Every structure is written in C-alpha cells, then in structure tokens.
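Chains as they are written, first to last, in this note's numbering: chain W, 27 to 276; chain X, 27 to 276; chain P, 27 to 276; chain R, 27 to 276; chain Y, 27 to 276; chain V, 27 to 276.
Using N, Cα and C, we set each Cβ at its ideal position, and we do this for glycine too.
Quick caveat, the model's predicted, so the values are computed rather than measured.
First comes the structure, then the notes that go with it.
Number of protein chains: 6
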Amino acid sequence: MKIGSLISRLEEIAPPDLAEEFDDGRIGLIVKGAPEITKIATALDPTPYVIGRAIEEGAQMLVTHHTLIWEPVNSINEDLAHQLRLLLGGRISLYSMHTNYDNAQGGVNDVLARLIGLEGTECFYGGRAGKVPESTLEAFAAHVSMVLGCAAEYVGGNDTVVKRVALVAGSGFRLALEGARVNNIDVILSSELKHDVIRGRGKVSLVSAPHYYTEAPAMKVLAERLCEVVPAVFIDDPPKIRMVNAIERP
Amino acid sequence: MKIGSLISRLEEIAPPDLAEEFDDGRIGLIVKGAPEITKIATALDPTPYVIGRAIEEGAQMLVTHHTLIWEPVNSINEDLAHQLRLLLGGRISLYSMHTNYDNAQGGVNDVLARLIGLEGTECFYGGRAGKVPESTLEAFAAHVSMVLGCAAEYVGGNDTVVKRVALVAGSGFRLALEGARVNNIDVILSSELKHDVIRGRGKVSLVSAPHYYTEAPAMKVLAERLCEVVPAVFIDDPPKIRMVNAIERP
Amino acid sequence: MKIGSLISRLEEIAPPDLAEEFDDGRIGLIVKGAPEITKIATALDPTPYVIGRAIEEGAQMLVTHHTLIWEPVNSINEDLAHQLRLLLGGRISLYSMHTNYDNAQGGVNDVLARLIGLEGTECFYGGRAGKVPESTLEAFAAHVSMVLGCAAEYVGGNDTVVKRVALVAGSGFRLALEGARVNNIDVILSSELKHDVIRGRGKVSLVSAPHYYTEAPAMKVLAERLCEVVPAVFIDDPPKIRMVNAIERP
Amino acid sequence: MKIGSLISRLEEIAPPDLAEEFDDGRIGLIVKGAPEITKIATALDPTPYVIGRAIEEGAQMLVTHHTLIWEPVNSINEDLAHQLRLLLGGRISLYSMHTNYDNAQGGVNDVLARLIGLEGTECFYGGRAGKVPESTLEAFAAHVSMVLGCAAEYVGGNDTVVKRVALVAGSGFRLALEGARVNNIDVILSSELKHDVIRGRGKVSLVSAPHYYTEAPAMKVLAERLCEVVPAVFIDDPPKIRMVNAIERP
Amino acid sequence: MKIGSLISRLEEIAPPDLAEEFDDGRIGLIVKGAPEITKIATALDPTPYVIGRAIEEGAQMLVTHHTLIWEPVNSINEDLAHQLRLLLGGRISLYSMHTNYDNAQGGVNDVLARLIGLEGTECFYGGRAGKVPESTLEAFAAHVSMVLGCAAEYVGGNDTVVKRVALVAGSGFRLALEGARVNNIDVILSSELKHDVIRGRGKVSLVSAPHYYTEAPAMKVLAERLCEVVPAVFIDDPPKIRMVNAIERP
Amino acid sequence: MKIGSLISRLEEIAPPDLAEEFDDGRIGLIVKGAPEITKIATALDPTPYVIGRAIEEGAQMLVTHHTLIWEPVNSINEDLAHQLRLLLGGRISLYSMHTNYDNAQGGVNDVLARLIGLEGTECFYGGRAGKVPESTLEAFAAHVSMVLGCAAEYVGGNDTVVKRVALVAGSGFRLALEGARVNNIDVILSSELKHDVIRGRGKVSLVSAPHYYTEAPAMKVLAERLCEVVPAVFIDDPPKIRMVNAIERP
C-alpha cells in the first residue's frame, strides 16, 4: 500500500485538525522512509527498542503517540542521533498522532473510558466524563489497577462514593480539576498526580495510574484497527518503575 | 517581638533576592495580622487544617513554603475565602518563603541533602549534588524511603552503581536532568517523576519520593531555628496518598 | 431569592459578553457570601463605607461598577484586608458589572444620555452620540453641571454651536476623540480631561464632569430596576473633591 | 551660534540619558532647520500658535517639553501637516526635552519644588519630596493656587496636617501614590487627578493643578538660562479651561 | 475631480482589505494636499525626483507602490524633511497602494504575469502561478530579460524544462519556495535572490530580476487605467545599478 | 586528535561568546560523529556535495559557516534526511561557526578586509571599516570583482571618490547603512543588495558581491590555520548563478 493512502487512513482515525494548538509540528509524518508499506507497527514512544523491534517485524512505518522531537532542535544530540540512525538506516517512516488521537472518537480517551467501563460518556476538558456503578473509592481504585494492569495511587475521603468519573489519559489532572469541581465529579482518573493538585482538589477524589498504562491501550487498539488495511503489530515497552517502602509492614 | 524584627530574621534565613524570578509576588508577607508576635508556626502549605492548628497553638504568624495564592487573582473563590476568613478572623500573619528558602544555605535542599547523608555537597541546577557511600540502586532507594519515612519509586538499570547523587527538593527532575547527563550523575532524587523524564533519562537513574516528604523536613528545621528568637512549632499535614496494586502477589 | 436566580437577572441587565476584553476576571461574582438574598445594595465603588452601609441595610449582596481588585494580586494588602474582613465577616456577596454595564442597553452610557437629554442616540466609540437642542458651549456645560449636580470644566471656541454630542461615562475622551473628529461631533462629554486631549482636540469642544457623577446615576437606576425582584437600595458615596482659586475675584 | 553647540548646551541642562525608556525617539532634535542659531524660543507645546510666534520672534529653534509626534506615525494627518508646513517653511528646528528635563537637576520638578517652597528636597518616584511649613490642607492648596496662578482641586481629611509633600510635575499621582503611602507623605501635588487614585489614596491627601501650570514654569526658567548663550524668549500658551457650577451659590 | 471620488476609484482598483496585515498604516492617503484633482501621477517610489516631476506635470496627487515612511517615525530626518517640503510646499497628495495592489485582480502580480505571458494564472503564495510554452531555463530567463527590459540572474540545472512558473513581483522567493517545492513548480520568478534560498531550492529553478522592473510596469498600467477618470502620467525612475565582471572574457 | 581538543582550538579561533544572540543553538557541535579526528574539512555550507567530498577526503569533522538547521525543527524533511543520512552514516561530525567567526579577530570580516586591502581597519556595525587608496567607484568595484573572483554590482554617483570603505561579509547593507551615513563612509561593500537600501542610501555608494564570495575565503583561511593541528582541506562549492541581458549589446 502507498504511504499516501495509509496516511489518509491514519488521518481518518485521528483527524489532524483535532490536535491542540501546542501540537503544531508534533503530529503527522515526522520522518519519511520507503514509499511502499507492507507492514506497520504501533507503540507509545519511539524508543530505540521500539524502532529496532519494528524493523525486525519488517515494518516500513512506525506510528507512535509521543513524537520523536518535542522541543524543536537546531542540533542532533546523541539520543536523537541514535534514533535517527535506526530510522534513516532502516528506511522506516515515523508518524505521530498525539492530541488529535486523544480527542478523536474511538481515540485514546475513548479506549481508556471503555476499559474502565464508563457509561454515558461525554467529552470533558480534554478527556471524558461518565458514570460507573456506585462503589467506594478503594474499590474503584482497585478496579482501575486491575483493568490497566498496574499499581494505582488514590487520594480522597474515606466516605467517598464514586459514581461520576472524569478521566484524562496521560497527564491531565490540572486540566480537568476546575471543571470537575463545578460539575460535581466524584473522582478524576489520570496520571502524574502533583502536590498542588492534591492541595487544590476540594471535594474531588483523585486516582492516578502511570502515564504509560493510560495511553498504551489505545496504541494496541490502533494496531487492531489498522489490520483491516495492512498487517499491523503493537510493540509494548512499558517503563520499568519499581517501588520500595521501608516503613510498611506486611 | 515586633513583626518587623521577625521578618528581618526570616530574611536572613531565606534572603528574598535568592528567589527565582517566577516567584515575584509569591514570597514575603502575604497577609498581615497582629503586629506583636509571641508564637510562630511553620508548615509546608497553608491548608485550613494548618491555619486552624496554628491559631489553636496561639501563633500570630504562620510561615509556609507554598504561598496562599499561586496565580494572581481578581476574585476570591470558596477555598480562598475559607482560608482568608480563618487568617483575617484570627488576625494571624501569613509569610511565605519558597525558592529563596530552597536556594538558601541551610535551606530546603540542604536539609534534604543532610537527611540523605550527601557528602561534598555543592549547588547543582536548582538543587544539590554530592556523594554517598557506593551502593546498588535498590539499596539507595530503600535508604531514601527510610530516612524520609515514605514510599519511593525508582527507575534504572539493574547494575547501576550509585555514588554521585543529585537531588532537588520538590518537583525538579526536568530541571536537573540535562545537567546530570553531562556531569556523570548516577541518580537524581526528586519528586513527581514524569513519563517524558523517564524516556529521556539516558544512563541516569531516578528516585522519586512524594513532594511533601522532600520539603516538609526543612519547615520542621525552620521551627527549630526560629525557637532561638520566639517560641515556634511545626505543624505536620501530609497528604494522604494510598496505593493499590491488583496485579502484585505477596 | 437564591443567589443563582439573582445573578441570572443581573446578567440579563448587563450581559457578561458585552464586557471589553481587558475586563476578564473583573466582572461577575467577586466574593461569594450567603446563598439566600433578601436585600441588595448598589454603589459605584466597594469602599469600606459602602460595604458597612450595605450590611447595615441588611443586604446579602452588593453590586458595584468598579471591582474590588483591579490588578490581580498574590497577597492581601491592608486596604484589601479591611474590605475583605467586612465582606467575609458580613457574609455579603460582591458582584461587579463594569464595561458590560457600560455597553448594555439601558446601561451606564444610556442612563447618562437620558439625563443629558440626548436624542437619536446611537453607539459611538465606547459611549453614545446624539443630538441636543442647539445651544452655546457655555449653556451646554451649565446644563451638564445642573443635571449631574456637580461642577463641570469645558474647553472650546467662543463661537461653538453645540448640536451633535458624544458622551462616554467615566474616562473616555481619548477613546472618542478620533471618531469625534471625523464624524463632525461638536462636543464630547466625559471625565478626567487630560492635557494631551486638549491639545489634540482640533475643532471638537470638550466638557468634563467628575468620573463619579457620570457613572453613579446608572447604579441608582440599577437599584430601581432590581426592586422588581428583590428590595434594593443605592448607596451614594461621592469623593469629596474641593476647589480653591486664589486668582479669581468674585 | 552653531546648532551643534547649542544642542551640547541643551544636553548639559537635560542630559538625554536621564530620560525614561518610553521616551525613546521623543527627545532631542525632532525637526532640523537652519544651522545657525541667533535666537531661541521655549514653550510647553509646539502648538501652531507657538510655532508662529517663535518665527515672528526671529527664532531658528524652538525647544518644547512635549514633542511634536507622540505615537510614531506612517502618515501625516492635517494637524501635523499644518505644524510641519510652519516648521519646514520657517526653517526652524524643533528640539524636545521631556522626562530628561523632568529628572534633571534644576529641571521641571525642581522648578516646581522651588515655586512651592519645598525644603530638604530629594528625588521621589519620578518627582520630588520635601517639607513645607506646617499648615492645613486648605491653606496648602490655596498656596499652590496662588504661586502657580491657577485653580487647584484637593482631596483629604478635614484634620490633615500638611508637612511632608511629594510633587510630580505633569500627570504623576499614580506614579507617586504607593511610595507616598509607605513613606508617610502627607500630600501629593500633581496633575490630572483620577477617580481610582482618589479611591486608593489611603491616608494621603491630594492636590491637583492643571498639567500646564505645573510644567510651563520650567520652560520659562529654561529661556532665562539659555539667555547666557543666545537670546531666548518663552512663549506662553495655556489651554483655556473654563468652569461652571450650577449647584454652588455665592 | 474631488479627492474623495478619486480615492473611491483607487480603492476599487486596490481594495484596502486585500493588504497584508504588516501594511497597516502604510497604505492609503499618506499626505493630504489640495482637495481638487485635475491631474495624477504614478510611480514606484516617492523619490525627490519623482515628486518634483509630478509637480512639474501639474499633478495634485502622486500614487506610489512604496510608501513614504516605512517604519513609523517620531522625528523627521533630512531625507524625509526634503520629501515633505516638496509635498507640503506643492500641496500635492501622496497615496500609497502596496500589498493591496499586489494582490488585487489586475494588480502588480497580474501585470507581471501578463508581461511574462503566463497562462492559466492562479493565486499562489503572495504571487501567481501558471504555465508558459515549454522551454529551457536559459531561454526562459532570456525571455524575462527581454520583456522586462533588464538583466536577469538564474539558478538551476542544465536540463531543466520550464513549464510551470510561479512569480512574485518584488522580493518573494522565500514566500513562494515551500509552496513551489510541494506543487511541482519548475521555476520561480521574483527579485532579490538570497543565498539561503539558492541553497534550499531543491529541484526548483530560480530567475531573479531587479525589484524595480518587476513592479514598475504595474504603476504604468495604473496611470493608463486612471486616464479614464482624470489625466494621468507615469514617472519612471529606475535605480542605476551597474555591473562589472573582472573575470569574464568576451 | 580527540574531538574535545579540536573543539577547544575552534573555540579559540571563533569564541562562542562573540556570536550574536539570534545564533543561539546555531553554532558549535551540531552533529557528533567519531571521537578521534585525523582529518578535517571546511566549507561555507553543509551541502550534500560538500558532505560527500568531506567523507571522500577521509575527514571525521566538517566545519561550516552556515549551520545545518536554521529554524529549529520537529520533523526531518527530505533534504535534511539526505544530509543526516550522509553525516550519521559517515560518522562525521558537523561543527558550525557563524557570527562568532564573523566577529572574531582574523575571522570572516577580517579575511575579507585583507583581500580588499583595507587599511586602518576597525570594527563597524557588524563588519569592518577602513581606507583604500583613492579611486573612482568604477575602479573600486572592478578591484572587488577581481580579488573576489566574481561579478559585482554597484550603485552610486558618477563623481564618487572612494576612500573610506565599510564592508560586511554576507548580507549586511541594512546593518551598516545608518552608521555609514553618519560616519561619512564613501562606499559599503556587502551582499544581497535590496531595493529599499538603494532608495535609502543618501550619499553612500554601494558595491555588492554574491554572498558566497564574501564569506568562502574565510573558510579557506580556516583550513590553512587548522593545518597546524590536524590535516585540513577546504571544499569549494559556489552556487552556479548565471546572468542574461537581452537588452545589452556587446
């Protein structure tokens, strides 16, 4: 399949004009490789491991959620040189879909909402809001941990009843907080919980899962959807975060 | 003691001109209460609990690391109204020392460095760098967890040898990362570890403790130092962050 | 009456989207007090006298034209602390309508135009323009002085014939001057006449009344209109400006 | 005398590097006429009347406090065309000294301070501060009116004792207010008193004289000083501001 | 004819709202002279020679493509004083049409396109694109040189076939380059060819003629069109650029 | 020789802190290749031809005046991909010295001044000024053409006597013009002469040589100087600009 046709399909899935303004230059075709695509790989980040695996898989295009170069550069540092050597050497294209895929119907936030089991889902401050069966905060956090397959942190009152949930895949607590406060949201689910958000949460409870686990599922779903037009494979590469607690007893 | 004399003492401990430029308007006397100080309270944040306790303790001044109003306001929302009602009603002054106390000799970063046992400490990109006895990354993370009294996350290779440490109290990974990479730092200790920092860490390992536990010790030390001039008490109010892990077996 | 219903009524009178862009954050509910309103007070400025009188009158809401905090603040100076102590202590809401009420139909400029007796009134550079019965400049200035109940300054040629008038409540000479020059306006009526406006007036005459007297009438009218939904009182608090002229003989 | 030598003398009197930054482009030689100067004229503003009189006086240079073009222009409107036709036709130079003359020793503020009889004069927020013999506010305002030869407005408590005075020639209330509040100034003397300054004055009293009368004396003094090097004449052209008060009885 | 009616006609030819945003203040009536127009002159620049000739021709208005004052001024330097003395002394108006005439139908770019013989002309990145009879690059450059009456520089491969041409009157290579690359343009014709454009041209050839010769034809055409309403004359004043080449042999 | 030692030598020749502020990120090591340098190449631009030749020459580092990436990028277009493939594939470093080398003693401007034969050379608005033996403008332009080995354009009066010359390597007419006018410079030598500079030149004559020929000599000299520490070669790659003049007869 021609790269142009494939890009048309990718733009249907994640229309570029859905991207936030700050994503100018950060979405679309970032590096252009061979013109004919017989296999495609998807992943959250273009890490050297991911690029290497994509080439081993025989892919001519890698689609990631996070782009190769966040802040625009005038020079090529060693990490970037390493990634470019792999990409240019392997003649593999890199295509990035970020906030356009976050916001798209069936995109990153919708995949997360489906995993969590949100009902009556609607758009909400860069993410989604909806309802879950009534539960305690502990139970809801345990449910999140289970369906995402990772540990989860949570903050909130002991008597919190969770019913109305807002979620933002990636780092979105601050984005959703003010809206959550005025819309009687019980809990926000997002990543990278910061101290000032905890202090400013008011009556809103917070559940935080690692950034990777809130977004990677949507890249896996993307590979499944692309299989309709070209063989596609999802490459999993979660960061290895370990935890130690010297003060906790079993 | 007159409030003016006390402020002179506070400015010796945390000289205002050490503050970062973005802290303009965020340090110094934020709310002015009674002119005569017989007791002082210190804390990390001016939460309603902290203000209430300070008044119960009979303090006429509360010194916090984080200020009352981060983004300047034209109006008074409900949380701020609640805090102001307590402060103005109790005629208690609020004084804030932020990056000036971070940067000061004997300030927030130095207190953290002392707790960790850093040797040959020097200033380093908004924090401190120094050496610790050679250890594995696991052992170093466990040590951090123990001396700070909290859980710690860490990311790094299995064969990492920790010797040269950079630390930044509060949220400072991004601040220190580039410097750490070019200065052969083995590990950065800070708070609020984000996905993009993990992806861009290169060979630098990362240990993350909750924001509160990296900074609150310095407010406790401040109370001890102020006791020389006026009775002082530290008020502890850590955020209650809980954790659940559905996929881990004992 | 619920505060929410009252605010809906206030937004009908002075729709927020009529406000100039620089008024962002300076209009609407500035401080929130008790939820149930049985009496309302209006005034030009939230001076301590005005707030005190509003509380004495038993009002739960004070509506002013000028807001409490013009430039956003990070700290609470003594004057503001005094005002907030009164407002928060009295549990009285403060609501501000500024350029939205200036621009609204029946708002500040329209009330002034009606007082002056403008006919064929239309919108004009932040104010209103229209016609008055033909008169000399002296006679028109005397008329202004009489209907507003204050002294008036004026600048213009001896043979000026006043017929077409532009007016801007508050400080608006500079705003209206260029438009007045190209639209054959005979005289501008506004406040706070500055030297550079006098020098740049070309053939346009100028009549200046104190800021307070051009805007306060509209706050009085507001109280009258609000009486339809809840008892309302206007609190008058003009600044005491005195005048001395050592060189003028009676 | 060569124009170059005269400019050197003018720059001694009002050194260009004393000008505020916003005066970039607004001071110095604005229009260049004949190279030989046998007579000079000074005035506050380059009005057509002033330019015409200067030419009649046989001057080759006109020195004004306010410049010809405040906001930079791309085109020449009718008023400016009229002034330029006079200047270019008369081959008369225009030289402007603004904030550099305000700030200079013996400049605009110092001339005003001497007229008022300030003692122990020192620089103060764009103007001067000093002491006057103790008096009531009414008496001080009458004194200002008499020595400047114009009406004066004033605002302040009935029991104000005037001793410490701050003055700013031209429009300077806002500039001096905060400093006056923290330095226990009794009264500020300046021009163009605005409503928000009155509301924010705290305990500071305010005396306001028309802009022209606070600055023109310094242009008269300038003519006297220049006579030492070349014949010089001051051209007086005060704006004609009249006053009417329908509510006051004799 | 009244100046107002003439300006209406000029605004039909070059509608002001077609101007680029950076032309704010640089188009329209720049200096206003006599109100009655019996003759008009057009030229590319308001040089002293051009203004002098326009007055000799008895014109009351001069229309130029480049305005009198590019960067807004606070003062009148000697060159500008010279031009203004001529304009104000001759009571001749100056009217400027710049990017509005560039972009207008039948305007600067269209006149150039017609001269070059472009077919199927359409708007293209601040200029026009279209087709010419297939030729070599050398032949196309010679054609440009001949029809414009000036030397031309060109850069491109020896085997370039010219068919699709983009042109921008004045200095427009950078403006058109990116668009030309993605739209398979064979050659860009414009002025003031810079080194970085040559280096970044990819496969696009470049032909450069002096700025004057790409734009002056449109001012000549303007004079012809205006003759329908008032006698009009074009004044030609090309810059005298000479060339020397020590290394070339005949 | 280690790359670090070589860079130290390059920084002696062109100290980074001499660079203009806009060159942030555009000078120094742009792409890092092999750590050991046995041969170095210099050139004006990193064109594919230049990179290819440098690799053929066995160089591990290429030093250019113009950098690889002018505006910072988030993605890699085809031209850049081509250059990076060559650089990364050849493991050759790219080092850029731009305005720091322009301004350095013995740098780009000094090399040009020496070629022209300037005497009493001093720094002058981004370039150099000095004297040449008195000549006509024609003769001076012919001299420039001869010593630089390229055609030259010139603009100026027939009776111009050239004695005081200002020169700016690269594109510097606008930079030097105002200074040249007030310092009685007879002629400016630079590149990329634009129409507005010709119109605003006053009495200053202008000689323009192609950008490449004013700067490339300094890169040749650089190769000669570097030979002292490591074998070095200059790679010449002038743009092929051709000229046609249909209206000139032999």
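Option nearest residue i by Cα separation, candidates the options
i: residue 179 of chain V; options: V:217, V:243, V:160; result: V:217
i: residue 47 of chain V; options: V:149, V:38, V:125; result: V:125
i: residue 93 of chain Y; options: Y:87, Y:78, Y:72; result: Y:72
i: residue 108 of chain R; options: Y:105, Y:113, Y:97; result: Y:113
i: residue 40 of chain X; options: X:63, X:206, X:29, X:133; result: X:133
i: residue 169 of chain Y; options: Y:150, Y:249, Y:141, Y:196; result: Y:141
i: residue 185 of chain W; options: W:200, W:162, W:176, W:174; result: W:162
i: residue 78 of chain X; options: X:120, X:45, X:221, X:153; result: X:120
i: residue 153 of chain R; options: R:129, R:175, R:200; result: R:129
i: residue 182 of chain R; options: R:219, R:147, R:175, R:196; result: R:219
i: residue 241 of chain X; options: W:123, W:221, W:96, W:258; result: W:221
i: residue 103 of chain Y; options: R:110, R:248, R:176; result: R:110
i: residue 197 of chain Y; options: Y:105, Y:151, Y:158, Y:208; result: Y:151
i: residue 115 of chain V; options: V:127, V:143, V:245, V:81; result: V:81
i: residue 243 of chain P; options: P:49, P:254, P:135; result: P:135
Contacts around residue i, its chain only, beta-carbon distance under 6 Å, and the 5 residues preceding and following it disregarded
i: residue 76 of chain X; result: 69, 261, 263
i: residue 206 of chain P; result: 192, 214, 230
i: residue 122 of chain V; result: 53, 56, 90, 93
Separation of residue j from residue i, as counted between CA atoms
i: residue 43 of chain R; j: residue 202 of chain R; result: 22 Å
i: residue 155 of chain R; j: residue 166 of chain R; result: 15 Å
i: residue 210 of chain P; j: residue 60 of chain P; result: 51 Å
i: residue 149 of chain V; j: residue 137 of chain V; result: 13 Å
i: residue 83 of chain R; j: residue 90 of chain R; result: 16 Å
i: residue 100 of chain X; j: residue 172 of chain W; result: 44 Å
i: residue 139 of chain W; j: residue 234 of chain W; result: 14 Å
i: residue 251 of chain W; j: residue 131 of chain W; result: 13 Å
i: residue 239 of chain Y; j: residue 227 of chain V; result: 19 Å
i: residue 87 of chain W; j: residue 51 of chain W; result: 18 Å
i: residue 97 of chain V; j: residue 157 of chain Y; result: 32 Å
i: residue 247 of chain R; j: residue 270 of chain R; result: 33 Å
Same chain, Cβ closer than 8 Å to residue i, five either side skipped, listed in chain order
i: residue 277 of chain Y; result: Given a span of 27 to 276 for chain Y in the structure shown, any question on residue 277 of chain Y remains unanswerable.
i: residue 34 of chain P; result: none
i: residue 58 of chain P; result: 29, 119
Supposed contact pair residue j and residue i - C-beta distance, whole angstroms, cut 8 Å
i: residue 160 of chain R; j: residue 187 of chain R; result: 6 Å
i: residue 236 of chain X; j: residue 267 of chain X; result: 6 Å
i: residue 232 of chain R; j: residue 199 of chain R; result: 7 Å
i: residue 265 of chain X; j: residue 95 of chain W; result: Rounded, the Cβ-Cβ distance is 35 Å, inconsistent with contact.
Range covered by the alpha helix (DSSP H) that runs through residue i
i: residue 74 of chain Y; result: 74 to 82
i: residue 207 of chain W; result: 199 to 208
i: residue 125 of chain W; result: 125 to 129
Opening and closing residue of the beta strand (DSSP E) in which residue i lies
i: residue 243 of chain V; result: Per DSSP, residue 243 of chain V belongs to no beta strand (DSSP E); it is in the alpha helix (DSSP H), 237 to 252.
i: residue 87 of chain R; result: 87 to 90
Within chain A, the residues that residue i reaches when beta carbons sit closer than 9 Å
i: residue 265 of chain R; result: No chain A appears in the structure shown, which is made up of the protein chains W, X, P, R, Y and V.
Contact set for residue i: own chain, Cβ-Cβ below 7 Å, skip 5 residues either direction
i: residue 176 of chain Y; result: 235, 236, 239
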